[in-house]
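Asks: FYI, the numbering for the sequence shown is -19 to 338, going by our numbering.
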Amino acid sequence: MNLQNQMKVADTKLSQKKKILIWAGLWFAQIFVFYLLSKSTIAIDFFAKFYEWQKTAHQKIFSSLNFSVGDILYVVLGLWIATIIYFIFKKGIKSQLVKVLIFLNIIYFVYQMFWGMMYFQKPIIKVNPDDKISIEKLKTLSIKYLEFCIKNREHLNEDKNGIYQIENLDKIKSELILTQAKIPTKFNTKTPTNIISIKPSLFGEIMSLTGILGYYNPFTAEAQYDANLPDSNKAFTLSHEAAHQLGYAREQEASFIGFLNCIYSEKPELEYSANLFALKNILSNILASDPKWVEFILKRYSKKMKRDRANEIVFRKKNKSVLGDAFGWTNDLFLKTNRQDGSVTYSYFIYLLLYYEA
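#1: Please state whether the Cβ-Cβ distance between Gly96 and Phe14 is less than 9 Å.
#2: What does a CB cutoff of less than 7 Å around Val(-11) pick up in its chain, not counting 5 residues either side in sequence?
#3: Please report how far the alpha carbon of Leu332 lies from the alpha carbon of Ile105, in whole angstroms.
#4: Less than 9 Å separating the beta-carbons of Ser181 and Gly191?
#5: Using the three-state DSSP reduction, which class does Lys179 fall into: helix, strand or coil?
#6: Can you tell me where the beta strand (DSSP E) holding Ala203 begins and where it ends?
#7: Report, in whole angstroms, the separation of the C-beta atoms of Ile175 and Thr36, which I expect to be a contact under 8 Å.
#8: To the nearest angstrom, how far is it from the Cα of Phe47 to the Cα of Lys112?
#9: Mark Glu116 as exposed unless 16 or more other C-beta atoms lie within 10 angstroms of its C-beta, in which case mark it buried.
#10: Tell me whether Phe42 is buried or exposed, calling it buried when 16 or more other Cβ atoms sit within 10 Å of its Cβ.
#11: For Phe27, count neighbouring C-beta atoms within 10 Å of its own C-beta (all shown protein chains included) and say buried if the count is 16 or more, exposed if not.
#12: Could you tell me the distance, in whole angstroms, from the CA atom of Glu249 to the CA atom of Thr159?
#13: Please look up how many angstroms separate the CB atoms of Ile152 and Ala215, rounded, as I've assumed it's under 8 Å.
#14: At what residue ranges does the segment 21 to 50 contain a whole run of the alpha helix (DSSP H), taking only runs of 4 or more?
#15: What alpha helix (DSSP H) runs, 4 residues minimum, are completely inside the segment 82 to 147?
#16: Once you ignore the five residues that flank Glu155 on each side, which residues in its own chain have a CB closer than 7 Å to its CB?
#17: Which residues bound the beta strand (DSSP E) around Tyr195?
#18: Within 8 Å: the Cβ of Glu275 and any heavy atom of the ligand PLP?
#19: Between the Cα of Met187 and those of Lys179, Lys170, Asn197 and Ala207, spot the shortest distance and give me the residue it belongs to.
#20: With DSSP as the reference, label Gly238 as helix, strand or coil.
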């Protein structure tokens, strides 16, 4: 190789290093800028309005397709990234690293614009961490919601084993979306799109193993759920993910809006799923202080409710895995990174429930 060629190779290597530094620096700059924006009320209001403005068109793009476009997108991107990593480590081609950094910059920017900043919206209610909820109040609530559940469950459809079975899932999806408009403005300030884009995930088996019930895909605006879930969990999962589509990023607020969505539907199937979710949350908040009370309530489940609970336990045991523990830890970290309570504590939902009860 002559001197001129050697200089060209050296210049190329130097150019690649500069590109790597530039794109890596831009990514870190984005992280810093969006962090600063998350502290600004004006900026957060802008992102919330932007979400409201674009969500109808965003949901329309993919709602007509009856399969999960987002899941396919993740598979394609995963294969592409795996190929890039192969070339980086096996071939030593630094230009591939530049592609990865460009990709990370684009994905990070799109995610923050369309969803990430929504985690920092003004909460539905402000909660003082020092304000404690009395156990006696929770016990009273547990009795109330147990009675609701027993009443709701009595005439619901069952399979041959006497376990609750949703009669028509498409009708449930439609009912949830149409009922969003009935949620009082005291609780919900978002505008429904009346677009049904709730789809079973292609990764259902993996979701079952990780304990993921569902998720919102911010790139395709699809609400995904694990189709393998027991039906006693499924209806509420749909309402929770639909609440994300509405614009509620915080997990517990999505659960609360999902709860109201089911309650205001006045459909026994949806009311049962919402009241059962509320009852479980109430009991989980009592458990540490008075486990005997929790046992007392569980024993008073109706026979039909006990069959549903036994079915849920079988499902969890069947899918218990290391993946579930790993995801639980990473999800906890993700929630705390976005300034939410970790997955261990969901008491904010109880405060919201009391706000509804007031």
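We treat Cβ as the ideally placed atom computed from N, Cα and C, and that holds for glycine.
Bear in mind the structure is a predicted one, so any value in this text is a computation, not a measurement.
Replies: On the basis of the data shown:
#1: If you check the CB distance, Gly96 and Phe14 come in under 9 Å.
#2: At Val(-11) the pLDDT is 45, less than 50, meaning the model places this residue with poor confidence; the figure from the coordinates comes in the next sentence. So the list is empty, once near-sequence residues are dropped.
#3: 7 Å
#4: no
#5: Note: Lys179 maps to strand in three-state DSSP.
#6: Glu202 to Tyr205
#7: 7 Å
#8: 45 Å
#9: exposed
#10: buried
#11: buried
#12: 14 Å
#13: 6 Å
#14: 21 to 43
#15: 115 to 133
#16: Ser245, Lys247 and Leu250
#17: Gly194 to Asn197
#18: With respect to the ligand PLP, the structure offers nothing, as it holds no ligand at all.
#19: Taking the Cα of Met187 as reference, the smallest distance to any Cα among Lys179, Lys170, Asn197 and Ala207 is reached at Ala207.
#20: helix
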